[in-house]
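2 protein chains.
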Amino acid sequence: MSVRAGVVVTGTEVLAGRVRDRNGPWLADRLAELGVELAHVLITGDRPADLRAALEFMRAEGADIVITSGGLGPTADDLTAQIVAEFAGRPLELDEALEERIAGIVARFARRWNLDPKALEAANRKQAMVPQGAVALDPVGTAPGLVVPADGQVVVVLPGPPRELQESWQQAVLTAPFEAAIENAPHYRQTMLRLFGIPESEIAETLRVAEREIGLDALEITTCLRRAELEIVIRSDDRSDHTADDLAALIAERHGQALFSTDGSSIDEQVAALLTGRRLGVGESCTGGLLAGRLTDRPGSSAYFAGGVVAYSNQAKIEMLGVPPDLIKQHGAVSEEVARAMAAGAIDRFGADVGIGLTGIAGPDGGTPDKPVGRVCFSVITKGEEDREIVRALDLPGSRAEVRDRSTTVAFHLLRRLLRGEASPV
Amino acid sequence: MSVRAGVVVTGTEVLAGRVRDRNGPWLADRLAELGVELAHVLITGDRPADLRAALEFMRAEGADIVITSGGLGPTADDLTAQIVAEFAGRPLELDEALEERIAGIVARFARRWNLDPKALEAANRKQAMVPQGAVALDPVGTAPGLVVPADGQVVVVLPGPPRELQESWQQAVLTAPFEAAIENAPHYRQTMLRLFGIPESEIAETLRVAEREIGLDALEITTCLRRAELEIVIRSDDRSDHTADDLAALIAERHGQALFSTDGSSIDEQVAALLTGRRLGVGESCTGGLLAGRLTDRPGSSAYFAGGVVAYSNQAKIEMLGVPPDLIKQHGAVSEEVARAMAAGAIDRFGADVGIGLTGIAGPDGGTPDKPVGRVCFSVITKGEEDREIVRALDLPGSRAEVRDRSTTVAFHLLRRLLRGEASPV
C-alpha cells in the first residue's frame, strides 16, 4: 500500500515568483522520511476558487494527505481555514481557549506597536475559528495550524512562514488523524551518496554496469547536480534494501575518490567537524566574501574561523595579505602562486593554523585567451606542513554567480582533503 | 476579457525538492508582462498519469495557455511530447527536416563522447516526433520546444534547462497559435514600490485610508516582506491606471522616508549606482563575509569595491582593522563605537573613501540580557566627512541566517542614505 500526498502552496507573491517557496521542498523531505509519496506540489494564488480547485484536484488525484501552506493570517484575504472547512464539510467553530492563547501572544506585540484593540479582537477571533472535529495545533506565530479529517483524507493546514510551518508540522505528525493516515505507508529507505569531482556521464556508465550486474528495477534512483556536487538518491524498500546496498558498494568501488558522503552529511558539516581544534584564515578574491560567509554559516563557527580578507585589488592582496608584488607581476593576480601566497598570508595575519587562498575570474568580463572567465586558483595549507599543501587551477563553468558559488564548494573539498591528509588530485 | 495560464513543471528531482524550480518564477514574469494571468504552477513527477492529470486540471481550471517545462529529452522516461500529443488529440508524426537538424547538433557531442550511433539515431528520431499540426520550435539544446493547439487551448511544451527554456519561449510567443491565444489579453500595468524601515501594519493602515479616500476595487495589490524590505505591487489596467497612480502618490506622501524605489530598481542596483567613482571598504563581523559577498554580486563591482575584512575575533578587529583594544574593553565588541572604528579602519586599510563597519550577534548563542541575539551595530562613514556618519544599533528578528541576511540589507540602506546625503533615522 502506498500513501500519497499533495502540497498546496498559497500566495500571490509565491505564484508571481517574487518569493521563492521554501515550504514545498522542506515538506517533500519530511514526507519521504515517512514513506509517503509526494505526487504534486501546486502553487496557487490567494483566490478562494483557486484554492478550492487545488483541494479538489488533490482529492481527485487520490492524495491521502493534503498539506496547505499559507493563508492563515488575521486579515480578510487569509481564507485557507474557511475553505478547508467547507471542503471537509466541517463548519468553523470558535475555540475559546485558543482565542485566549492567541490574545496572550498578540498582546505583547500590540503594546509595542500601539494597535487598535477592536481590530485586534476581531483578528484574534478569526484565527481561533476551528473546523468542527479538527485538531488545532499550538500556535507558533499567532496563527494555529490545523489537522482536518476530510472524508477519508487528512488536510494539514500550516502557516506560511517557514519557521512556523516547520514547528507546526512537528506537532501535526503526532496527531491521531495524521497517524491514522500514514499507518499503511510502506517502509522506505533513502540512501544518499554525494560525490565531488566526477562528470555525470561516469555515473551514468556505472548505473548501466549495475543494471547488468545486479539489476536495479526494484530501486528508484535519482541523480542530481547541485552546487558542483553530484547527489545520488537511492530509494528502496524492505525487499530491495540489499540491492541498494550492492549499488552503493559498487559506486564506492568505482568512484571511491569522488565519493565523500554516504551518511547524508554535507561537505559543510564535514569541514566543520574537521576544523575542530584548529583556526582557519581565508584570503579570497573573486568569491568576494562568499567563502568566508559559507564558512560562518553554522552556529559556533567562531570556534574555528579566525578571519578573512576579501582582497579584490592587487593592492589589497599586497597590503592585507602580504602577497609579494613581484609574484603578481610575474604570474598575474589569478595564478596558483598568488593563491598560495594569499593562503600563507591569511595564516600569518590571522594567527591561524590552516589557510585558504582563492583568486579567479568570475566574469562576465575580465577573461583572456590564457585565463578565461571561470579560471579559479585555489591553495589550502596547514601551518608548519607547507609541503602537504594542495594547489589547483580549475576552469569552472557557468555564470558569475555559479562560478562564485562553485568556487566555494571546491574550496571546501580541497580543505577536506587537506585536513584528512589526502593530497590527491581533484 | 482575461487570459489565464497554468504552468506544469515536471521532474522528480524538482518535486523532491532537490532542485529548485527556476522556470516557474521566470515564466510568471513573462506572463505578467503579456497581461496573462497565471492561475497555478503545478510541480509534478515524471509519471505519465501525473502529467496527464496536470494537463486535465489546467483545462478544467480554464487555462487558455498551458506551459510545460521538462521531460523533452532523448530517454524513454521523457514523455512530455507524447502525453501532450494525446491530450491534444494530435498523433505524433516524424518531422524529417527536424530530425536532420537535431542529428547535426548531436553529431558534435557524439564525436567527443564516443556514443553508440544506433542509440543516437533512435534518440534523435524520438526528439523529432511532432504532434500533428503543432509548431516545432528551433532546438536550443537538442530537444525542440513545441506549440500545440489543443481544443481551444494552446500547450507550450518547453525544455527543462532554464537557458533552453528561455530561448525557446522567445520563439514560442511569436508563433501564430500563441499570438491567437493572447489576442484578448488586457493591457496590465504593474507598479512596484519598495520600502524599508516600516512595519507592515503601517502600510495596512495606509491601504485602509486609500480604500476610503480613493477606492481600490479596480486594483490588485499585493504586499510582501522580503529580505527586510516591504514590496508593494499594484496591478492596474487602462481604466484603473490613474487609481494606481493616486495610490502610489498617497504612499509616497505618507511614507516618503521609507519609500526608496518606485521604478523597480533594487537597493543593490541603487547602491551600485551611488558608488560610481568611489571606493568602498568593509569591516564586518557577524555577517561573516556576506556583506562583501553581496556588494560584489554584480559584474563590474571591482570598480568600487576596494576590499573587506571579516573580523570575527577581537584580535582580528584590532590587528586587521585597527580597532583600539580599549574601545572593545569599554563598550564591548558589539557596540556602535566598535562598528565606527571598524568602518574607519576599513577606509584606512583599503585606501577607500567610504567605509562600513558591522558587528553583531547572529546567534543562536552569544546573546546577553543587555545585548540579545539579533543586536547588530552599523556604521557608515565617508572619509573627510566623519561628522555626517550614520551609526545604528538595531535588534533584528529571526534565525541566524535571517539576522545575517537582514544585516546586509540594513547596511545597504544606511549606505544609500549616507551617499544621498540623508542622515535620517532608520
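Protein chains in written order, with the numbering used here: chain Y, 1 to 426; chain F, 1001 to 1426.
All residues carry an ideal CB built from backbone N, CA and C; glycine is no exception.
Just so we're clear, the structure is a prediction, and the values are computed from it rather than from any experiment.
Rounded to whole angstroms, how far is the Cβ of residue i from the Cβ of residue j, which I believe are closer than 8 Å?
{"i": "Y/ILE356", "j": "Y/LEU275", "result": "Rounded, the Cβ-Cβ distance is 11 Å, inconsistent with contact."}
{"i": "F/THR1142", "j": "F/VAL1106", "result": "6 Å"}
{"i": "F/LEU1418", "j": "F/THR1382", "result": "6 Å"}
{"i": "Y/LEU291", "j": "Y/ALA352", "result": "Y/LEU291 to Y/ALA352, Cβ: 14 Å. No contact."}
{"i": "Y/LEU247", "j": "Y/ILE234", "result": "6 Å"}
{"i": "Y/GLU93", "j": "Y/GLN132", "result": "6 Å"}
{"i": "F/ILE1065", "j": "F/VAL1036", "result": "6 Å"}
{"i": "Y/TRP169", "j": "Y/ARG349", "result": "Contact flag wrong, Cβ pair sits at about 45 Å."}
{"i": "F/GLY1071", "j": "F/LEU1079", "result": "6 Å"}
{"i": "Y/ASP440", "j": "F/PRO1299", "result": "Look at the range of chain Y in this structure, 1 to 426, and you will see that residue 440 of chain Y is not part of it."}
{"i": "Y/LYS317", "j": "Y/VAL338", "result": "7 Å"}
{"i": "F/GLN1153", "j": "F/ALA1081", "result": "Not confirmed; about 16 Å, so no contact."}
{"i": "F/GLY1145", "j": "F/GLY1011", "result": "Their Cβ separation, rounded to whole angstroms, is 16 Å, which puts F/GLY1145 and F/GLY1011 out of contact at 8 Å."}
{"i": "F/LEU1259", "j": "F/ALA1210", "result": "The pair is not a contact, with the Cβ atoms about 14 Å apart (cut-off 8 Å)."}
{"i": "F/THR1296", "j": "Y/GLY288", "result": "3 Å"}
{"i": "Y/THR223", "j": "Y/ILE203", "result": "6 Å"}
{"i": "Y/THR409", "j": "Y/GLU213", "result": "Incorrect: roughly 32 Å between the Cβ atoms, too far for contact."}
{"i": "F/ASP1405", "j": "F/ARG1375", "result": "With 8 Å as the limit, F/ASP1405 and F/ARG1375 do not qualify as a contact, their Cβ atoms being about 16 Å apart."}
{"i": "F/ALA1185", "j": "F/LEU1034", "result": "6 Å"}
Of the residues the options, which one's Cα is nearest the Cα of residue i?
{"i": "Y/ALA49", "options": "F/ARG1226, F/VAL1156, F/HIS1040 and F/CYS1224", "result": "F/HIS1040"}
{"i": "F/GLY1130", "options": "F/LEU1098, F/THR1223 and F/ALA1411", "result": "Residue identity check: residue 1130 of chain F is Val in the sequence provided, not Gly. Residue F/LEU1098 is the option with its Cα nearest to F/VAL1130."}
{"i": "Y/PHE378", "options": "Y/GLY62, Y/SER285 and Y/LEU230", "result": "Y/SER285"}
{"i": "Y/VAL19", "options": "F/PRO1162, F/LEU1225, F/ASP1116 and F/LEU1193", "result": "F/LEU1225"}
{"i": "F/ALA1401", "options": "F/ALA1134, F/HIS1187 and F/ARG1227", "result": "F/ARG1227"}
{"i": "F/GLU1385", "options": "F/GLY1421, F/ALA1053, F/ALA1210 and F/GLY1363", "result": "F/GLY1421"}
{"i": "Y/LEU137", "options": "Y/VAL9, Y/TYR188 and Y/VAL156", "result": "Y/VAL156"}
{"i": "Y/GLN475", "options": "Y/ASP263, Y/SER399, Y/GLY293 and Y/VAL373", "result": "With chain Y running from 1 to 426 in the structure shown, residue 475 of chain Y is simply not present."}
{"i": "F/LEU1055", "options": "F/VAL1003, F/GLY1017 and F/ALA1150", "result": "F/ALA1150"}
{"i": "Y/THR243", "options": "Y/ARG254, Y/GLU220, Y/LEU230 and Y/GLU253", "result": "Y/GLU220"}
{"i": "F/TYR1304", "options": "Y/TYR312, Y/GLY307 and Y/SER2", "result": "Y/TYR312"}
{"i": "Y/GLU269", "options": "Y/LEU34, Y/PHE412, Y/SER236 and Y/GLU231", "result": "Y/PHE412"}
{"i": "Y/GLU96", "options": "Y/ALA252, Y/ARG194 and Y/ASN124", "result": "Y/ASN124"}
Please state whether DSSP places residue i in a helix, a strand or coil.
{"i": "Y/HIS187", "result": "coil"}
{"i": "F/ALA1352", "result": "coil"}
{"i": "Y/SER261", "result": "strand"}
{"i": "F/HIS1040", "result": "strand"}
{"i": "Y/GLN132", "result": "coil"}
{"i": "Y/ARG279", "result": "coil"}
{"i": "Y/ASP395", "result": "strand"}
{"i": "Y/ALA228", "result": "coil"}
{"i": "Y/VAL426", "result": "Residue placement at Y/VAL426 is flagged as unreliable, the pLDDT there being 44, under the threshold of 50; the coordinate-derived value follows with that caveat. Of the three classes helix, strand and coil, the one that applies to Y/VAL426 here is coil, per DSSP."}
{"i": "F/LEU1219", "result": "coil"}
{"i": "Y/ARG343", "result": "Sequence check: residue 343 of chain Y is Ala here, not Arg. If DSSP states are grouped into helix, strand and coil, Y/ALA343 belongs with the helices."}
{"i": "F/ASP1237", "result": "strand"}
{"i": "Y/VAL266", "result": "Note that residue 266 of chain Y is Ser in the sequence shown, not Val. Coil."}
{"i": "F/ILE1198", "result": "coil"}
{"i": "F/PRO1149", "result": "strand"}
{"i": "F/ILE1203", "result": "helix"}
{"i": "Y/THR10", "result": "strand"}
{"i": "Y/ALA401", "result": "helix"}
{"i": "F/VAL1173", "result": "coil"}
{"i": "Y/ILE390", "result": "strand"}
Quick one: is the Cβ of residue i within less than 7 Å of any heavy atom of the ligand FMN?
{"i": "Y/ALA81", "result": "The ligand FMN is not among the ligands present in this structure, which contains no ligands whatsoever."}
Members of the stretch 1059-1082 of chain F near chain Y, C-beta cut-off 9 Å:
ALA1060 and GLU1061
Those runs of the beta strand (DSSP E) which lie wholly inside the stretch 1281-1336 of chain F and span at least 3 residues
1305-1310
If you measure beta-carbon to beta-carbon, which residues of the stretch 1364-1380 of chain F are closer than 9 Å to chain Y?
PRO1364, ASP1365 and GLY1366
Going along the stretch 286-305 of chain Y in order, which residues come within less than 9 Å of chain F, judged by CB to CB distance?
CYS286, THR287, GLY288, GLY289, LEU290, LEU291, ALA292, GLY293, ARG294, LEU295, THR296, ASP297, ARG298, PRO299, GLY300, SER301, SER302 and PHE305
If you measure beta-carbon to beta-carbon, which residues of the stretch 8-26 of chain Y are closer than 8 Å to chain F?
Only those residues of the stretch 8-26 of chain Y whose C-beta falls short of 8 Å from the nearest C-beta of chain F are listed: THR12, GLU13, LEU15, ALA16, GLY17, ARG18, VAL19, ARG20, GLY24, PRO25 and TRP26.
Contacting positions in the stretch 390-416 of chain Y - beta carbon closer than 9 Å to chain F:
Close to chain F, meaning a Cβ-Cβ distance shorter than 9 Å, are the following residues of the stretch 390-416 of chain Y: ARG400, ALA401 and ARG404.
Identify each residue in the stretch 163-189 of chain Y for which the Cβ-Cβ distance to at least one residue of chain F is less than 8 Å, and report them in chain order.
ARG163
Closer than 8 Å, Cβ to any Cβ of chain F: which residues of the stretch 316-350 of chain Y, in chain order?
ALA316, GLU319, MET320, ARG349 and PHE350
Start-end ranges of the alpha helix (DSSP H) lying completely within the stretch 46-131 of chain Y, minimum 4 residues
List check, alpha helix (DSSP H) in window: 48-60, 80-88, 96-113 and 117-127.
For the stretch 198-209 of chain Y, which residues have a beta carbon sitting closer than 8 Å to at least one beta carbon of chain F?
SER201
Members of the stretch 31-42 of chain Y near chain F, C-beta cut-off 8 Å
ALA32, LEU38, ALA39, HIS40, VAL41 and LEU42
For the stretch 208-235 of chain Y, which residues have a CB atom closer than 9 Å to at least one CB atom of chain F, in sequence order?
Residues GLU220, THR222, THR223, CYS224, LEU225, ARG226, GLU231 and VAL233.
Give, in chain order, every residue of the stretch 1045-1060 of chain F whose Cβ lies closer than 8 Å to some Cβ of chain Y.
GLY1045, ASP1050, ALA1053, ALA1054, PHE1057 and ALA1060
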